[in-house]
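The listed protein sequences derive, respectively, from chains B and Z.
For the first sequence, our numbering assigns the number 1 to the initial residue and increments by one for each residue that follows.
For the second sequence, our numbering assigns the number 1 to the initial residue and increments by one for each residue that follows.
Glycine is no exception: its CB is placed at the ideal position from the N, C-alpha and C atoms.
Reviewing the structure listed below.
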Amino acid sequence: MNNRLETFVKENRKSFDVLEPSAGLWAKIEQELDSKKKKKPVNLYLWISAAASIVIVLGLTWLYVGSMRNRDIEIADVNAAIAKKEIHFAGLITEKRDSLAIFASANPDLYKKFTSDLKKLDEDYERLKAELPTTPNQLYVVKAMVKNRELQLQLLKQQLMIINQVDDYKRVNQI
Amino acid sequence: MQGSRAAQFELYKLYAKAMYNVALRILNYEEEAEDVLQEAFLDAFTRIVDFRQETTFGLWLKQIVINKSINYLRKRKFEFVGTDEIAEIPDEAIADDYDIQLQADEIRKAITELPDGYRVVLSLYLLEGYDHEEISHILKISENTSRTQYMRAKKKLKSILESKGMRDE
Numbered sequence: 001m002n003n004r005l006e007t008f009v010k011e012n013r014k015s016f017d018v019l020e021p022s023a024g025l026w027a028k029i030e031q032e033l034d035s036k037k038k039k040k041p042v043n044l045y046l047w048i049s050a051a052a053s054i055v056i057v058l059g060l061t062w063l064y065v066g067s068m069r070n071r072d073i074e075i076a077d078v079n080a081a082i083a084k085k086e087i088h089f090a091g092l093i094t095e096k097r098d099s100l101a102i103f104a105s106a107n108p109d110l111y112k113k114f115t116s117d118l119k120k121l122d123e124d125y126e127r128l129k130a131e132l133p134t135t136p137n138q139l140y141v142v143k144a145m146v147k148n149r150e151l152q153l154q155l156l157k158q159q160l161m162i163i164n165q166v167d168d169y170k171r172v173n174q175i
Numbered sequence: 001m002q003g004s005r006a007a008q009f010e011l012y013k014l015y016a017k018a019m020y021n022v023a024l025r026i027l028n029y030e031e032e033a034e035d036v037l038q039e040a041f042l043d044a045f046t047r048i049v050d051f052r053q054e055t056t057f058g059l060w061l062k063q064i065v066i067n068k069s070i071n072y073l074r075k076r077k078f079e080f081v082g083t084d085e086i087a088e089i090p091d092e093a094i095a096d097d098y099d100i101q102l103q104a105d106e107i108r109k110a111i112t113e114l115p116d117g118y119r120v121v122l123s124l125y126l127l128e129g130y131d132h133e134e135i136s137h138i139l140k141i142s143e144n145t146s147r148t149q150y151m152r153a154k155k156k157l158k159s160i161l162e163s164k165g166m167r168d169e
């Protein structure tokens, strides 16, 4: 008789599970499941894009460094003495160009002509510089570059002389 | 790996009601029982990969529900070893012969009136079908405590039922 309660419960087990959870509970669970599912692909996507950007950045740096190395061949790498000469010329060229620019406003037509002549020489120089990394005879190219600078300098000297004379002439005529 | 939503809903329909009643018997609060149910299903669906078929899905889910319910109960600073409430129960009530007709609904309601410790042990033993060894693992109490708690719970339940029966007649 001691287990009447146990027997009764066993026989009527179903009658004890009578209460129902609220109807909206599944919707809540579904919502949570959705938010969990959505999070995962986003994370995966994030990781992939992060990895991709690292690869891209590394690739770009590699390319940049590589191209810099190619471009970085200067005259000094080929011949230090020539480089010194080139630097000396380049300094003088800037100086003369500045002097020439002073006369520009007084003689615009002449100045325009002069600068276009200089521009041609300058273009030659840039072409030589671009050739330098790939050329089989670098010393030759470097020498040509310095020669170009020398020509530029001489041209500038003559231009300055002319422009000076023209300027003097103009002033004299004005008086 | 998580299975289709339709399959999840089928599982929910199949087990929600039974699991809700399991949680409710332990917690005695509808809101907490629903929270437990929601967490348990979410856990079960996301950890379904871990589910090895040594047991049925229902039993596995029930374990999750019970563990979560017990955790909720513990958060209320509840201790399973309280022994004070039985003092007023007379010894002659130990026998299990009820004078009144047993009714499932009456018993169910009477269980909700039991103190937490009694209610949990009695529910686990009488309704969820765990033996005292299993209960001692679940509640982290000794097997002996489980046994005495159950006996006292039964006594108390009987006295509740009898006092009700008297009131009804």
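Check	Outcome
Cβ neighbours of L37/Z in the same chain (closer than 8 Å, five flanking residues each side left out)	A16, M19, Y20, A23, V65
Local Cβ density within 10 Å of P108/B, reported as buried at 16 or more and exposed below that	exposed
Cβ pair K156/Z, E106/Z closer than 9 Å	no
E113/Z (DSSP reduced to helix, strand or coil)	coil
Residue-chain proximity (N12/B, chain Z), Cβ-Cβ < 9 Å	yes
Member of I93/B, K28/B, K170/B whose CA lies at the smallest distance from the CA of T115/B	I93/B
Where E22/B meets chain Z, residues with beta-carbon distance less than 7 Å	Per the sequence presented here, residue 22/B reads as Ser, with Glu not at that position. Correct list: E34.
Neighbouring residues, chain B, relative to R152/Z (Cβ below 8 Å)	By Cβ distance, chain B contributes nothing, its closest Cβ being about 14 Å from R152/Z, past 8 Å.
Minimum length 4: unbroken alpha helix (DSSP H) runs contained in the segment 21 to 78 of chain Z	30 to 46, 57 to 75
8 Å CB neighbourhood of E30/Z in its chain, flanking five on each side removed	L24
Nearest candidate by alpha-carbon position, reference L5/B, set K68/Z, A110/Z, E10/Z	A110/Z
C-beta neighbour in chain Z for R4/B, strict 9 Å	yes
Neighbour flag for L33/B against chain Z, beta carbons, 9 Å	yes
C-beta neighbour in chain Z for I56/B, strict 9 Å	no
The segment 124 to 136 of chain B / the segment 60 to 68 of chain B touching (three or more Cβ pairs under 8 Å)	no
Residue-chain proximity (K72/Z, chain B), Cβ-Cβ < 9 Å	Per the sequence shown, the amino acid found at residue 72/Z is Tyr instead of Lys. So no, Y72/Z is outside the interface.
Near-chain B residues of the segment 17 to 34 of chain Z - C-beta to any C-beta below 7 Å	K17, A18, Y20, N21, L24, E34
Close-in-space but distant-in-sequence residues of the same chain around E150/B (CB under 8 Å, 5 per side omitted)	F89
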